[in-house]
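Be aware that the sequence shown starts at 8, since it is given in our numbering, and climbs by one per residue. Let me begin by presenting the structure, written as structure tokens, before commenting on it.
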Amino acid sequence: MRKEKNIKENEEVKAPKKHFFRAFLKLLIIIIILSAILFAISFYNWKTLAITMISNTPSTVLDIDGEKIASIGNERIFQNVKFEDIPDNLKNAYIAIEDQRYYKHFGIDIKRTVAAIGSYVIHLGNSSFGGSSITQQLVKNLTGNNSNNVSRKMEEWLKAIQLEMFLSKEEILETYFNIIYTGPNIYGVQKASEYYFSKNVQDLSLTECAYIAGINISPNSFNPFDEKDNSEKISKRVKVVLNKMKELKYITDEEYSVAITEVENGITFKQTKLEAEGSNNYSYQIDAMLDEIIKDLSSTRKISTSFAENYLSLSGLTIQSTQKTSIQEATEKELEKKTYAIQSKNQKDVTSQSAMIIVDHSNGQVLACVGGLGEKTSRGLNRATSSTRQTGSAGKPISVLVPGFCENVITGASVFVDIETTFDDGTEEGYTPTDYNGFQGAITLRRAVESSQNIPFVKIMEKITPATSIKYMKKMGITSLTKVDDNLNLALGGLDKGISPLELAGAYATIANDGTYIEPTFYIDIKNSNGKIIISSSQNKQKVFSKEIAYIIKELLTEPVKGVHGTATYCSIPNIETSAKTGTTNENYDRWLCGFTPYYTAVTWFGFDQNETINFNGKNPAGIIWSNVMKNIHKNLENKNFEKPANVDEATICPTSGKVANSKCTNTYTEYFIRGTVPESCNVH
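Written out as structure tokens, the structure is:
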């Protein structure tokens with residue numbers, strides 16, 4: 008019995024161990040499989056990107072009509088050269104000084120890498136890894152990632168190994184020789200040969216090859232054409248390269264002696280001044296497009312922004328932008344007028360600024376974008392996309408009218424008493440807004456929209472609540488709202504951070520597009536050299552409110568343009584129905600004109616980057632810009648009005664009561680209502 012009991016006890020001890028081993032083995036297999044899948048995904052993605060980038064070809068940007076409008080990557084001075092046209096001395100010079108075991112390793116030089124890791128550990132992370140093979144250097148040039156940290160280096164190692172799996176050693180070298188930085192805005196050994204020696208790369212001497220390879224550590228530090236005399240530094244560096252070439256038996260003793268003598272006598276440099284075929288001073292429209300594309304590529308391809316930038320410059324892609332060149336040029340021409348440049352009273356050499364966005368609201372495509380006044384000379388702040396400003400009354404249609412109609416709080420005939428009013432905003436003193444045009448007494452919503460009265464809009468905001476307003480604004484693409492904006496001042500555009508012209512244009516376009524929000528975009532798709540689409544613009548779309556509500560708001564917003572008391576009467580476009588809303592913030596810091604026609608939605612902002620009062624002869628400069636541009640781009644278009652839905656009814660209204668006029672009502676006007684919401688007959692007259 009004792010023996011049998013011991014056997015059972017031993018079996019019970021062995022069973023858990025066996026079970027644990029099996030579980031561990033399963034887990035290990037799962038980890039290996041997952042690692043293999045992740046490696047395969049990483050390999051495929053890297054191969055797809057790298058194969059196109061080794062062409063070292065600029066990408067072409069087309070406008071909406073298929074015309075070429077820009078080349079991305081042509082701002083570099085470069086010229087591709089075939090591997091067989093590169094002299095052996097230049098190939099060997101680079102290999103000798105940069106990666107002497109290049110033809111023996113698989114992307115990583117283990118010996119140098121171990122030494123680099125040891126140095127990094129000994130110095131507690133305060134030294135660079137170093138030890139990069141030519142393949143690793145190519146990875147760095149393609150991805151643009153120069154950060155010195157462990158994760159970046161490990162990613163570089165992996166990519167280098169993968170690169171050698173789908174490219175030959177010769178293909179890697181050829182690409183490397185064509186894209187490395189070799190001088191002031193110069194890339195590749197061919198243009199380096201022209202710049203330093205005024206000759207083709209095939210004709211370089213041994214000494215000249217040693218020089219070009221030697222300066223790879225810091226081309227600008229060894230420039231022979233600098234005002235500073237770099238001759239001694241150059242001489243020492245070239246001798247280092249020649250010594251290494253001799254040590255590795257790439258050159259004979261005789262060749263070495265001749266080259267050294269040449270170096271000691273002074274290398275003969277002959278400069279050729281080179282210029283790039285293109286410039287990176289693109290239009291504001293293309294700047295915004297590139298920002299959007301880089302963001303999308305980084306997200307979809309899981310790559311860094313620098314990698315995405317290089318991908319666009321090197322891959323020979325065809326980018327279909329949304330730019331309508333005739334509209335872009337008309338917008339640029341207007342904002343380049345010197346009359347809009349108001350000198351700052353507070354800052355020397357600072358003038359007012361402006362921004363304008365024009366959108367095809369039927370598809371969300373941005374047709375034109377200008378982010379500053381005057382001629383654009385460099386890539387700087389794009390105020391149309393990146394600056395958030397207080398909106399003033401320009402925010403009323405999206406913060407009050409849209410939620411007010413959606414929540415059945417108002418109609419166009421709702422009557423409000425426009426008198427001085429103090430609202431309860433949770434503070435002891437309360438909130439007492441003023442009216443720029445003076446208080447008007449009892450008026451309809453239409454009349455309040457016409458001359459942009461403030462009190463009626465705050466009263467509506469009080470009914471719908473700021474929280475509800477924010478909910479609708481976010482649905483229309485406004486992303487800059489904060490918790491601070493949850494207050495009654497939201498009705499009048501007094502915001503914590505403000506709204507960018509681009510997002511405000513997207514919100515107004517929602518009204519113009521019958522209540523459907525379509526996220527604005529600057530590009531349609533991108534194709535590779537084989538014509539295959541590699542990425543398409545993915546726009547957020549959602550139905551925010553009905554076409555009936557949209558039409559009524561469109562119609563209300565024609566009042567500032569056509570009304571006797573309208574604030575934007577100068578924006579009227581002959582025979583084309585126009586909706587518009589002005590905006591002015593406290594102290595005249597910001598001026599706006601936002602509006603649309605059946606064809607386009609446009610938003611214009613005017614002000615100073617640092618708040619300063621705008622004084623433009625008593626006029627709204629944003630409105631003048633908007634009017635001039637919109638009239639220009641509509642002049643050859645067919646007459647057109649907003650299309651009234653079948654479920655919208657017309658009624659003759661008495662403005663005193665806000666109800667259907669009877670025979671005794673003498674002062675009447677036409678108002679529009681969603682079917683079933685027409686008010687009762689006037690009970691005042």
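Here a beta-carbon is modelled for each residue, glycine too, at the ideal position from N, C-alpha and C. Keep in mind that this is a model prediction, so the values were computed, not measured.
Just to confirm before moving on: does the CB-CB distance between residue i and residue j stay below 8 Å?
i      : j      : result
Val245 : Ile224 : no
Gly683 : Glu526 : no
Trp599 : Thr585 : no
Glu415 : Glu555 : The identity of residue 415 in the sequence shown is Asn, whereas the question assumes Glu. No, these two residues do not count as a Cβ contact at 8 Å.
Phe680 : Thr418 : yes
Ile193 : Tyr202 : yes
Glu645 : Ser351 : no
Gln330 : Gln292 : yes
Ile632 : Leu374 : no
Val636 : Thr338 : yes
Ile450 : Phe412 : no
Cys661 : Thr677 : no
Ala283 : Asn87  : no
Ile477 : Leu488 : yes
Kindly indicate which three-state DSSP category residue i falls into: helix, strand or coil?
i      : result
Thr673 : coil
Glu562 : helix
Gln327 : strand
Phe136 : Here the model assigns Phe136 a pLDDT of 47, short of 50, so the residue's position is not dependable and the matter cannot be decided.
Arg396 : strand
Tyr577 : helix
Cys601 : strand
Glu11  : With a pLDDT of 49 at Glu11, under the threshold of 50, the predicted position of this residue should be treated as unreliable, though the coordinate-derived value follows. Glu11: helix per DSSP, three-state reduction.
Gln460 : coil
Val146 : helix
Phe529 : coil
Leu131 : Because Leu131 carries a pLDDT of 46, less than 50, the predicted location of this residue cannot be relied on, and no value is offered for it.
Asp431 : coil
Phe412 : helix
Leu374 : strand
Val685 : coil
Gln350 : strand
Glu678 : strand
Lys651 : coil
Ser476 : helix
Tyr194 : strand
Lys280 : coil
Leu388 : coil
Between which two residues does the alpha helix (DSSP H) containing residue i stretch?
i      : result
Thr182 : 176 to 186
Ser158 : 157 to 173
Val2   : With the chain represented from 8 up to 692, any question about residue 2 goes unanswered, as that position is not in the structure.
Cys689 : First-last for Cys689: undefined, no H or E at that position.
Val491 : Careful: Val491 lies outside any alpha helix (DSSP H) and carries neither H nor E.
Leu319 : 312 to 321
Met637 : 628 to 641
Gly590 : Here Gly590 belongs to no alpha helix (DSSP H); instead the beta strand (DSSP E) covers 586 to 591.
Smallest Cα separation from residue i: which of the options?
i      : options                        : result
Asp72  : Asn288, Ile531, Val416         : Ile531
Asn250 : Asn237, Ser238, Thr268         : Thr268
Ala514 : Lys481, Tyr558, Val491         : Lys481
Leu211 : Glu316, Asn148, Asp92, Lys253  : Asp92
Asp116 : Tyr101, Asp95, Ser139          : Ser139
Lys403 : Ala449, Pro473, Ser361, Gly381 : Pro473
Ile301 : Arg386, Ile542, Arg159         : Ile542
Thr279 : Ser200, Lys548, Val491, Thr604 : Ser200
Thr611 : Pro508, Lys118, Cys689         : Pro508
Pro231 : Lys277, Asn622, Glu271         : Lys277
Tyr318 : Thr475, Asn148, Asp236, Ser359 : Asn148
Glu382 : Thr398, Lys176, Ala348, Gly399 : Ala348
Looking at the unbroken beta strand (DSSP E) that takes in residue i, where does it start and where does it end?
i      : result
Phe749 : No information on residue 749 is available, as it lies outside the stretch 8 to 692 that the chain covers here.
Thr451 : 448 to 451
Glu657 : 655 to 661
Lys98  : Counting along the chain, Lys98 falls outside any beta strand (DSSP E), though it belongs to the alpha helix (DSSP H) covering 95 to 105.
Met483 : Where Met483 is concerned, there is no enclosing beta strand (DSSP E), given that its DSSP letter is neither H nor E.
Below 8 Å, can you find three or more Cβ-Cβ pairs linking the region 449 to 466 to the region 407 to 427?
yes
If we count Cβ pairs, one from each stretch, closer than 8 Å, do we get three or more for the region 200 to 211 versus the region 255 to 266?
no
Does the structure place the region 494 to 501 close enough to the region 287 to 307 that three or more beta carbon pairs sit under 8 Å?
no
Quick check: the region 60 to 79 against the region 321 to 337, are at least 3 beta-carbon pairs closer than 8 Å?
yes
The region 357 to 370 touching the region 381 to 395, judged by at least three CB pairs closer than 8 Å
yes
Specify whether the region 564 to 577 and the region 420 to 438 touch according to this definition: at least 3 beta carbon pairs, one from each stretch, less than 8 Å apart.
no
Stretch pair the region 166 to 186 + the region 55 to 65: three plus CB contacts closer than 8 Å:
yes
Any 3 or more C-beta pairs closer than 8 Å across the region 97 to 108 and the region 213 to 222:
yes
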